[in-house]
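Below is one structure, written out as structure tokens; the observations come after it.
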Amino acid sequence: MSIAAAIADTLEEQPHHNKPQKAGKLTPYWLMLPGLLWLAIFFVVPLVTLFGTSLMTPVPGGEVGEFEQTFHFANYWNTLTDSTYYVPLFRSFLYAGAATLLALAIGYPLAYAIAFKGGKYRNLLLVLVIAPFFVSFILRTVAWRQILADEGPVVAILRWAGLVSETGGVYPSAFAVIMGLTYNFLPFMTLPIYASLERVDHRLIEAAGDLYAKPITGFRKVTFPLSLPGVVAGTLLTFIPAAGDYVNAALLGRPSNTMIGNRIEYTFLSVNDYPTAAVLSFILMASILVLVLFYVRRLGTEDLV
Amino acid sequence: MSKTDITKAEGDLYLENLVKSFADFTAVDNLSLHVPQGHFFALLGPSGCGKTTTLRMVAGLEPPTAGRIRIGEADITYEKPYRRPVNTVFQNYALFPHMTIWENVAFGLRRRGVKDVTKQVDDALALIELSAVAKRKPAQLSGGQQQRVALARAIVNRPAVLLLDEPLGALDLKLRRQMQLELKRIQTEVGLTFIHVTHDQEEAMTMADTVAVMNNGVIEQLGPPTELYESPHTAFVANFLGQSNLFGAQVVQTSGDDVILEDSDGRFVMPRARVADRVNLTAGTRVLVGVRPEKIHIEALDDAAPAPSHGNFVDGVVVTSSFLGVSTQYEVRTSGGDVINVFAQNLSAREMLSTGSRVRLSWLPVHGFVLSGSEDINAGVEQELVLS
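So, in structure tokens, the structure goes:
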């Protein structure tokens with residue numbers, strides 16, 4: 416059942432007394448007002464401004480960073496066909512996709528273990544999952560430099576195992592960037608999956624076993640489908656911020672591992688090419704939106720959430 | 007029997023000296039049962055009596071502490087639940103919410119690798135008369151419909167034993183009555199062994215061929231519903247199954263086929279056949295005498311009329327009377343001090359006996375029963391009140 420339907424049900428059960436209807440009808444709007452104002456001022460207005468910027472062209476003969484509004488839609492096409500920009504864009508989706516899959520591979524079993532085997536330690540384990548948030552995002556990512564450094568334990572083990580050469584390392588590299596992304600967004604994957612696994616009725620799993628399903632089949636046919644809302648939420652909460660992230664690529668990657676976030680930052684702050692940076696921002700937003708819509712459609716989540 | 011055959015085992019169900027102990031108490035205590043194939047068997051008892059634990063052991067959801075479970079020749083005591091030819095209709099139905107009704111019913115067949123499930127699933131849905139909702143999800147069905155789907159999902163697999171765990175517990179009274187008849191019809195139609203766990207004595211009596219009354223992890227008495235009702239062997243059964251008037255008495259003597267008993271209200275005659283097993287009948291022994299309230303005849307006391315020449319009777323005063331439509335319920339205090347319940351059928355529009363009127367109660371000797379005097383007179387009473 417959708418959340419909206421559940422809420423509607425709850426509301427319907429309330430007896431309707433003959434109280435003054437006016438105040439009651441307006442209440443939801445008053446409650447929404449602060450949020451709507453906030454969104455309007457800090458999201459919609461900047462978005463419109465940004466869109467305006469994306470259509471500007473340099474002032475002829477002007478200085479660096481001087482632009483005028485010319486409604487130059489060709490900015491979009493020019494940017495999309497420039498490999499300086501579309502390569503990092505694809506790379507972003509590639510890294511974010513890889514990090515999402517890794518986070519799912521790590522986060523699902525973790526959430527499953529906490530939900531089904533956690534027992535009385537459940538809450539403690541959940542606190543441990545979010546414990547990294549007590550340390551700044553940047554600091555934690557910098558810490559990964561130490562972990563993956565040539566003198567660090569990871570490389571030592573990999574060298575010993577012969578997985579990297581005696582002089583080779585793993586930082587900076589695409590591998591390090593993906594590791595960083597995976598690590599940083601793991602809680603966003605784990606918590607929603609935990610929330611939906613925790614709601615799965617154990618009697619359904621018993622029923623599956625009673626109906627000749629081996630434990631693994633019971634998981635595949637019952638537990639996993641019922642945890643899909645959490646998987647969808649978790650992958651979105653991981654993939655979307657990971658695709659736009661620039662901290663991990665900046666701290667753990669080489670210039671050849673640049674992601675779209677880094678490219679936008681560089682174009683905006685170093686090149687002072689504001690229209691192109693704005694165009695990139697819109698392209699990133701649009702591509703994420705399309706990917707997410709496609710993904711949610713495929714899984715038919717309207718039934719599941 | 008080889009391992010691969012277990013999922014296809016069939017025959018009678020045997021529970022042999024089954025024990026289930028948890029940390030601090032014994033839920034099922036040395037229980038032995040034999041349920042013939044195709045029987046509708048009810049395990050009846052108050053909550054906590056061990057009936058559900060017994061069921062879960064048969065289903066394989068709970069490992070027994072000791073004892074054996076067999077179906078025919080196959081020992082399934084420690085077999086994995088998904089390998090047993092046993093299916094369960096769960097108390098909360100446990101339908102898979104993300105699947106359609108059709109897929110729910112097909113689930114078991116598919117897991118067993120049945121190639122073409124279409125016909126069997128369609129037939130099962132037709133049997134429960136829910137073909138029309140096959141494409142819906144469980145949440146879109148009413149409680150009664152979900153209950154029938156849970157039944158179809160289990161019987162479509164033709165298990166050797168079908169377990170029903172309080173399957174009607176969540177339904178309202180009217181629907182429950184309807185489903186009782188429905189369940190009985192389906193059982194007769196498919197001919198599977200049904201083990202039905204319930205705390206509702208009426209439910210057990212309506213449907214089952216054999217009822218086992220359980221209390222504190224043991225079976226108090228087992229038999230056809232009429233036998234249990236008419237000849238309870240323990241105070242618990244007498245009180246839990248319907249209502250009984252129980253009062254203490256003393257054996258005076260046995261003469262031929264009759265036993266003569268005495269209490270503060272006088273003497274009673276009981277045929278020997280109405281005395282429960284293991285009751286000591288030497289003179290002076292304390293016993294319990296029981297009579298069902300509807301077996302007692304009540305009439306206004308006519309001092310002029312001579313005392314009846316046969317039957318058992320006591321005189322008393324009406325304490326309360328309540329008109330229930332089909333019958334009138336009286337509470338009568340006898341001159342000896344016992345309180346006796348009487349259900350008088352409203353056969354004619356005769357006047358109700360008012361509170362305080364003097365009455366004579368009488369019943370045929372064959373309608374009474376005698377229990378051991380060591381029985382707890384109130385066993386099974388409280389639970390019944392709590393649950394109803």
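These protein sequence lines map, in sequence, to chains A and B.
Positions 416 to 720 (the numbering used here) are the ones given, in order, by the first sequence.
Positions 7 to 394 (the numbering used here) are the ones given, in order, by the second sequence.
All residues carry an ideal CB built from backbone N, CA and C; glycine is no exception.
Query                                                                                                                                   : Result
ASP18 of chain B beta carbon less than 8 Å from that of VAL25 of chain B                                                                : no
Residues near ALA530 of chain A by beta carbon distance below 6 Å, same chain, minus five either side                                   : TYR609, LEU612, GLU613
At least three beta-carbon pairs within less than 8 Å, the stretch 329–339 of chain B to the stretch 290–297 of chain B                 : no
Inter-residue spacing [alpha-carbon to alpha-carbon] between ALA48 of chain B and THR94 of chain B                                      : 14 Å
Helix, strand or coil at LEU21 of chain B according to DSSP, with G and I counted as helix                                              : strand
Three-state secondary structure assigned by DSSP to LYS125 of chain B                                                                   : helix
Cβ pair ALA511 of chain A, ALA622 of chain A closer than 8 Å                                                                            : no
Coil, strand or helix - PRO238 of chain B by DSSP                                                                                       : coil
Buried or exposed by the 16-neighbour rule on C-beta atoms within 10 Å, applied to PHE466 of chain A                                    : exposed
Residues that THR468 of chain A contacts on chain B, provided the C-beta gap is smaller than 8 Å                                        : Result: empty, since nearest Cβ-Cβ is about 46 Å, beyond 8 Å.
Beta carbon proximity, ARG182 of chain B to chain A, threshold 8 Å                                                                      : no
Within chain A, the residues that GLY114 of chain B reaches when beta carbons sit closer than 7 Å                                       : LEU626, TYR627
Beta-carbon contacts of ILE225 of chain B that lie in its chain and below 6 Å, excluding the five residues immediately before and after : ALA218
Short CB-CB distance (under 8 Å) between TYR84 of chain B and chain C                                                                   : Within the model displayed, chain C is absent; protein chains A and B are what it includes.
Interface partners of ARG284 of chain B on chain A, CB under 9 Å                                                                        : Result: empty, since nearest Cβ-Cβ is about 40 Å, beyond 9 Å.
Under 9 Å from the C-beta of ARG713 of chain A: neighbouring residues of chain B                                                        : By Cβ distance, chain B contributes nothing, its closest Cβ being about 16 Å from ARG713 of chain A, past 9 Å.
Close Cβ partners of ASN687 of chain A (< 8 Å) along its chain, the five nearest in sequence each way excluded                          : VAL479, GLY480
Meets three-Cβ-pair contact criterion under 8 Å: the stretch 193–206 of chain B and the stretch 42–59 of chain B                        : yes
VAL162 of chain B beta carbon less than 8 Å from that of THR199 of chain B                                                              : no
CA-to-CA distance, LEU133 of chain B to PHE113 of chain B, given in whole angstroms                                                     : 17 Å
Whole-angstrom distance between GLY676 of chain A and THR485 of chain A, CA atom to CA atom                                             : 26 Å
C-alpha gap between ALA576 of chain A and VAL569 of chain A, whole angstroms                                                            : 11 Å
Where the beta strand (DSSP E) containing GLN351 of chain B begins and where it ends                                                    : 345–351
Neighbouring residues, chain A, relative to ALA100 of chain B (Cβ below 8 Å)                                                            : ASP616, ARG618, LEU619, GLU621, ALA622
Under 7 Å from the C-beta of THR632 of chain A: neighbouring residues of chain B                                                        : ARG117
C-alpha gap between LEU330 of chain B and ARG182 of chain B, whole angstroms                                                            : 21 Å
Neighbour flag for PRO42 of chain B against chain A, beta carbons, 8 Å                                                                  : no
Exposure of VAL376 of chain B, with buried meaning 16 or more beta-carbon neighbours within 10 Å                                        : buried
Rounded distance between the beta-carbons of LEU667 of chain A and ARG560 of chain A, thought under 8 Å                                 : 7 Å
Per DSSP, cross-strand counterpart(s) of ASN318 of chain B                                                                              : B:TRP369
Cβ of ALA65 of chain B within 8 Å of any chain A Cβ                                                                                     : yes
For THR194 of chain B, three-class secondary structure by DSSP                                                                          : helix
Nonlocal neighbours in the same chain, by C-beta distance under 6 Å from THR472 of chain A, ignoring five residues either side          : THR485, HIS487
Meets three-Cβ-pair contact criterion under 8 Å: the stretch 645–662 of chain A and the stretch 443–452 of chain A                      : no
At least 3 beta-carbon pairs within less than 8 Å: the stretch 258–265 of chain B vs the stretch 356–370 of chain B                     : no
With 16 other Cβ atoms within 10 Å as the buried cut-off, status of VAL295 of chain B                                                   : buried
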